[in-house]
Amino acid sequence: MNEQWIRADRIMSSWDDMGWEVDYTAHPLLDPAFMDKPSRLRRFLQLTHQRIVADDRAYQREAARLVRPLRDAAGEIPPCADDVFIVSEFLNEAEVYLQSAIALLAEHARPAAQPLPEVAAANDLRALTGLACTGEDRRLRFEALRKIHLANLLLDIDHSRHVQDGPLHLAYFQDLLERALWCYKTHAYPVSIGFHIDQDGETIRYTTKPAAGDQVWHFDSAFLESPGPVRPIALDVLYHSCRFKRSVDKVSFEVVDGRFRVLEQVRWQDMRQHRSGSILSKMLRKGINNPDQIGDILGAMFIVHDEDALDDLITLLDRGIGNPFGWRNVTDTLGPEPAGPRLNRHSGKGFRVFKGDMDILIPGRYPGQAPYRFTVEIQIHTLESFLRTVCGSHHANHLALKLRQFLMGLVPVLFPAAIYGKDWLQRH
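The sequence shown begins at 303 in the numbering used here and counts up by one.
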């Protein structure tokens, strides 16, 4: 049970369900036929390789253009060997990201997905452009381009203002929460919830007195009492978290003191201290080439007991954060009539949530700068709907969702059938 069920070789009922067709409009360098078709973009790549292949100064200048802004009208940047090193770090990050992705595959499929040794070992832009432009093997050319493109996307993420300002925006949002919610906290107390899935495979049974064999989630609950302009509000917020998408937690099951307990651990932990793996994955899955278009750079999650408490929490949030018309893209699958945009196409049966994007207006950061807005994706779960997402054998399990997103959304992009075929995923 638990994490053993959430495996790539069990997550899909049929590999025939894989959609191998990919739109490469946003990521043309990931097109397996990129080097086989004439295009100006391919010509740009070839010209870059010709400039740097035998000229160290030109190579340093091209690396500088990736990591430093132009300083004069002529577009000249003094070349520096340090810039080549910085670019090589991002190429290494691309390799780490790819290896982290391969680790999500079923064990039997991982060897087929491993990059060719000469590509895996190359963290040098000049070497990789050489492999892409002059390599005789089609897979070699593709994998070199893939590594270059992933590194460039990681650079784009690093250079995104939305990403750079993420910690500032998160701190401002947390300050708003303090004034809108936590100032009404009268006391806090720990609670342990034991839970298991019922025989119908859908219903979650839970109790404050965990029994042997139960999975256990520990909450640090906060009790809020607000007088309110219309009526007083009293509710328990069992759990809340605010997160910046560059440092995402994942849920895992571990045995502690002889019992299964649900813990949170860092995802993409092998990447640099400022992890961008989650943002990169979404850009590839969604066909996005501008990280500023990611709508959930910041997120907040709350867990309350039931739908009445959910309504009370929304009332407090609506009253104290954002503006009266600041909710966008609201999805509500908890009510009897699901409303709003459809859930992610990979979402499992029985996933229930209220979520929406809330616009937050922040003051300008220097005199004369106008206020501007940023967005926070807010998710609110009832206790049962949340426990479904952490129950290892429920269709709504969050780890299973992430694995489906990878298998059906990322695998066709990172390991296209035109290069790797299709049979390597299946155990024969």
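C-beta atoms are modelled at their ideal positions from N, C-alpha and C, and glycine is treated no differently. Nothing here was measured: the structure is a model prediction, and the numbers come from that model.
### Task
Examine the ligand PLP and report whether any of its heavy atoms sits within less than 7 Å of the Cβ of glutamate 445.
This structure lacks the ligand PLP; in fact it carries no ligand of any kind.
### Task
State the beta-bridge partners of tryptophan 732 as determined by DSSP.
Nothing in the structure corresponds to residue 732, since the chain is present only between 303 and 730.
### Task
Would you kindly check if the distance between the Cβ of histidine 464 and the Cβ of aspartate 594 is under 8 Å?
yes
### Query
In angstroms, rounded to a whole number, what distance separates the CA positions of phenylalanine 627 and methionine 660?
9 Å
### Task
Have a look at the DSSP bridge pairing and note the partners of glutamate 527.
Ala536
#### Entry: C-alpha distance - isoleucine 404 paired with alanine 415, whole-angstrom precision
7 Å
### Query
With C-beta atoms as the reference, is phenylalanine 521 less than 8 Å away from lysine 487?
no
### Query
Where does glutamine 466 land, buried or exposed, given buried means 16+ other C-beta within 10 angstroms?
Residue burial is scored here from C-beta neighbours: glutamine 466 has fewer than 16 other C-beta atoms within 10 angstroms and is therefore classed as exposed.
### Message
Which runs of the alpha helix (DSSP H) at least 4 residues long sit entirely within the region 423-455? Give them in chain order.
### Response
427-436
#### Entry: Distance between leucine 447 and aspartate 426 (C-alpha atoms, nearest Å)
Roughly 12 Å separates the two Cα atoms.
### Query
By how many angstroms is the C-alpha of aspartate 357 removed from the C-alpha of phenylalanine 468?
What sits at residue 468 in the sequence shown is glycine, not phenylalanine. Cα to Cα, glycine 468 sits roughly 39 Å from aspartate 357.
### Option nearest arginine 545 by Cα separation, candidates Trp726, Trp519, Ile581 and Ala423
Arginine 545 has its Cα closest to that of Ile581, out of Trp726, Trp519, Ile581 and Ala423.
### Query
How big is the Cα-Cα spacing for histidine 542 and arginine 533?
24 Å
### Query
Just the Cα atoms here: how many angstroms apart are glycine 723 and aspartate 538?
52 Å
### Task
Output the boundary residues of the alpha helix (DSSP H) element that contains lysine 584.
579-588
### Message
Relative to the C-alpha of methionine 603, which candidate in Tyr474, Ile459, Glu504 and Phe688 has its C-alpha closest?
### Response
Phe688
### Where the beta strand (DSSP E) through valine 606 begins and ends
Element bounds for valine 606: 600-606.
### Task
State buried or exposed for tryptophan 519, treating a residue as buried only when at least 16 other CB atoms are found within 10 Å of its CB.
Classification of tryptophan 519: buried, given that the 10 Å Cβ count is 16 or more.
#### Entry: Straight-line gap, tryptophan 322 to leucine 615 (C-alpha atoms, nearest Å)
Between tryptophan 322 and leucine 615, the C-alpha separation is close to 42 Å.
### Query
If you drop the 5 nearest sequence neighbours on each side, which residues of the same chain put their C-beta closer than 8 Å to that of leucine 712?
Ala403, Ser583, Leu586 and Arg587
### Query
With glutamate 679 and glycine 601 assumed to form a contact (beta carbons below 8 Å), what rounded beta-carbon distance in angstroms separates them?
4 Å
### Task
Check the C-beta distance from leucine 483 over to leucine 618 and give it rounded, since I have them as a contact under 8 Å.
The pair is a contact, with the Cβ atoms about 6 Å apart (cut-off 8 Å).
### Query
Would you call glutamate 480 buried or exposed, if buried means 16 or more other Cβ atoms sit within 10 Å of its Cβ?
exposed
### Message
Only counting the same chain, and skipping five residues up and downstream in sequence, which positions put a Cβ closer than 7 Å to that of proline 643?
### Response
Per-residue confidence for proline 643 stands at a pLDDT of 49, beneath the threshold of 50, marking its modelled position as unreliable; the derived number appears in the next sentence. Correct list, in chain order: Asn631 and Thr633.
### Query
To the nearest angstrom, how far is it from the Cα of arginine 441 to the Cα of cysteine 485?
58 Å
### Message
If distances are taken between C-alpha atoms only, which option among Thr691, Thr436 and Leu727 comes closest to isoleucine 506?
### Response
Thr691
### Message
Could you compute how far the alpha carbon of valine 715 sits from the alpha carbon of valine 324?
### Response
7 Å
#### Entry: Coil, strand or helix - glycine 468 by DSSP
In the structure shown, glycine 468 sits in a helix (DSSP, three-state: H, G or I).
### Query
Apart from the five residues on each side of it in sequence, which residues of its chain come closer than 6 Å, Cβ to Cβ, to leucine 681?
With the sequence shown as reference, residue 681 is identified as glutamine, and leucine is not the correct amino acid for it. Excluding its 5 nearest sequence neighbours in each direction, glutamine 681 has C-beta neighbours in its own chain below 6 Å: Met603, Val655 and Lys657, listed in chain order.
### Query
What's the C-alpha gap between alanine 720 and valine 398?
24 Å
### Task
Specify, as a first and last residue, the run of the alpha helix (DSSP H) that valine 692 falls within.
Its alpha helix (DSSP H) spans residues 685-692.
### Task
Could you tell me whether the Cβ atoms of methionine 320 and arginine 443 are closer together than 8 Å?
no
### Query
Which residues share a DSSP beta bridge with cysteine 544?
Ala602
### Task
Identify whether histidine 498 lies in helix, strand or coil by the three-state DSSP scheme.
Annotated three-state conformation of histidine 498 is strand, per DSSP.
### Start and end residues, beta strand (DSSP E) containing tyrosine 508
506-509
### Query
Going along the chain, which residues of its own chain have a beta-carbon closer than 7 Å to the beta-carbon of threonine 350, five neighbours each way excluded?
Taken in chain order, the residues that qualify are Glu364 and Thr431.
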